[in-house]
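Written out below as structure tokens is the structure these notes cover.
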Ligand SMILES: Nc1ncnc2c1ncn2[C@@H]1O[C@H](COP(=O)(O)OP(=O)(O)O)[C@@H](O)[C@H]1O
Ligand SMILES: [Mg+2]
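Numbering (this note's numbering), first residue to last: 10 to 269.
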């Protein structure tokens with residue numbers, strides 16, 4: 010569905026993503042992990058065409074994304090970052106309604122079908138109760154859910170999430186990731202996300218890409234990628250990998266920093 014081939018991105022003179030390739034299959038959850046500053050957000054922004062790239066090709070359903078209009082991009086993908094900015098006084102419902110606009114002509118108003126999709130997204134993210142509240146009045150987890158609801162009304166084929174749990178407490182982290190999993194399993198939504206937490210990446214992903222200094226260090230299933238050696242090489246940490254049962258995701262227990 011999404012093919013990234015030899016992607017290179019530079020900021021001014023400095024190249025920060027080098028010859029980076031991976032494929033995302035329809036219906037898959039792929040996570041990008043790696044230390045801070047390794048280029049994860051840059052890769053995600055390049056896919057969403059928010060970041061120009063100097064080399065390589067990104068293909069979505071057989072089409073080079075450079076050839077798509079902004080409206081086509083918005084119909085195919087939706088990107089959410091760690092902290093999304095909305096006017097403080099916008100209500101939950103109005104934010105969620107924004108997701109419909111890529112599907113409308115500029116003069117067209119929302120119709121009954123749009124309203125139904127908006128209600129469905131509010132239900133799905135358990136925000137019906139908060140619909141008339143300003144976004145600014147929500148907690149971090151609720152606000153992240155409101156953005157996901159907006160993404161849902163956009164009906165994208167692929168959801169791009171940049172560290173969707175970073176500013177949330179653990180209960181809300183769990184809640185947001187469970188919602189992502191439900192969208193993936195029930196609606197077949199393809200998801201590419203940057204995750205900070207190795208155990209979250211391990212339990213929620215079909216495929217994991219490991220980035221180090223803008224290079225692709227590894228790619229594979231959680232079982233392939235989550236090894237003591239990878240964690241030592243990429244994060245300079247000692248770790249122990251446990252398998253709780255035969256069908257469970259590898260569980261990573263970090264021990265201590267490796268001494269140089
Ligand atoms: N707008 C920018 N201008 C210049 N350098 C940037 C910009 N954004 C990111 N960088 C640099 O590019 C590298 C990758 O950044 P980023 O993609 O944000 O990494 P990550 O998301 O993995 O933390 C870092 O060295 C960062 O400092
Ligand atoms: Mg980042």
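Glycine included, C-beta positions come from ideal geometry on N, C-alpha and C.
Practice problem: Report the rounded CA-to-CA distance for residue 235 versus residue 186, giving the unit in angstroms. | Solution: 19 Å
Quiz item: Where do the ends of the alpha helix (DSSP H) carrying residue 170 lie?
Solution: Careful: residue 170 lies outside any alpha helix (DSSP H), inside the beta strand (DSSP E) at 167-171.
Quiz item: Excluding sequence positions up to five away, which residues of its chain have a Cβ less than 7 Å from the Cβ of residue 43?
Solution: These residues qualify, in order along the chain: 49, 219, 220, 221 and 243.
Quiz item: Does the distance from the CB of residue 270 to the CB of residue 166 come in under 9 Å?
Solution: Past the edges of the chain, shown from 10 to 269, lies residue 270, and the structure says nothing about it.
Practice problem: Tell me whether residue 221 counts as near ligand 2, meaning its Cβ is closer than 8 Å to at least one heavy atom of that ligand. | Solution: no
Practice problem: Say whether the region 176-195 touches the region 149-159, bearing in mind that this needs 3 or more beta-carbon pairs closer than 8 Å, one atom from each stretch. | Solution: yes
Quiz item: Run through DSSP, which three-state label would residue 17 get?
Solution: strand
Quiz item: How big is the Cα-Cα spacing for residue 144 and residue 113?
Solution: 24 Å
Quiz prompt | Straight-line gap, residue 87 to residue 206 (C-alpha atoms, nearest Å) | solution = 22 Å
Quiz item: To the nearest whole angstrom, what separates the beta carbons of residue 62 and residue 17, a pair I think is in contact under 8 Å?
Solution: 6 Å
Quiz item: The alpha helix (DSSP H) with residue 244 in it runs from where to where?
Solution: 237-244
Quiz item: Distance, Cα to Cα, residue 125 vs residue 103?
Solution: Whole-angstrom Cα-Cα distance: 14 Å.
Exercise. Answer yes or no: do residue 197 and residue 158 have a C-beta to C-beta separation smaller than 9 Å?
Key: no
Quiz item: Taking residue 201 as the reference, which of 68, 172 and 248 has the closest Cα?
Solution: 172
Quiz item: What's the C-alpha gap between residue 5 and residue 203?
Solution: With the chain running from 10 to 269 in the structure shown, residue 5 is simply not present.
Self-check item: Where residue 40 falls: helix, strand or coil (DSSP)
Solution: Of the three classes helix, strand and coil, the one that applies to residue 40 here is strand, per DSSP.
Quiz item: Any heavy atom of ligand 2 within a distance shorter than 8 Å of the CB on residue 101?
Solution: False, no ligand heavy atom lies under 8 Å from that Cβ.
Practice problem: Mind the definition here: the region 71-81 touches the region 115-134 only if three or more C-beta pairs lie below 8 Å; say whether that holds. | Solution: no
Quiz item: In this structure, does DSSP put residue 45 in helix, strand or coil?
Solution: Three-state DSSP puts residue 45 in coil, outside helix and strand.
Quiz item: Buried or exposed: residue 133, going by 16 or more other Cβ atoms within 10 Å of its Cβ?
Solution: buried
Quiz item: Is it the case that the CB of residue 45 approaches a heavy atom of ligand 1 more closely than 8 Å?
Solution: yes
Quiz item: Per DSSP, which one or two residues make a beta bridge with residue 265?
Solution: Beta bridge pairing from DSSP links residue 265 with no other residue.
Quiz item: Do residue 214 and ligand 2 come close, with the Cβ less than 8 Å from some heavy atom?
Solution: no
Exercise. Have a look at the DSSP bridge pairing and note the partners of residue 61.
Key: Answer by DSSP bridge pairing: none, since residue 61 is not bridged.
Quiz prompt | beta strand (DSSP E) segment containing residue 202, residue limits | solution = 199-203
Quiz prompt | Short Cβ contact (9 Å threshold) for residue 135 with residue 154 | solution = yes
Self-check item: CB of residue 231 within 9 Å of CB of residue 248, strictly
Solution: For residue 231 and residue 248, no; Cβs fall outside 9 Å.
Quiz item: residue 23: which of 240, 162, 138 and 51 sits nearest, CA to CA?
Solution: Comparing Cα positions, the closest option is 51.
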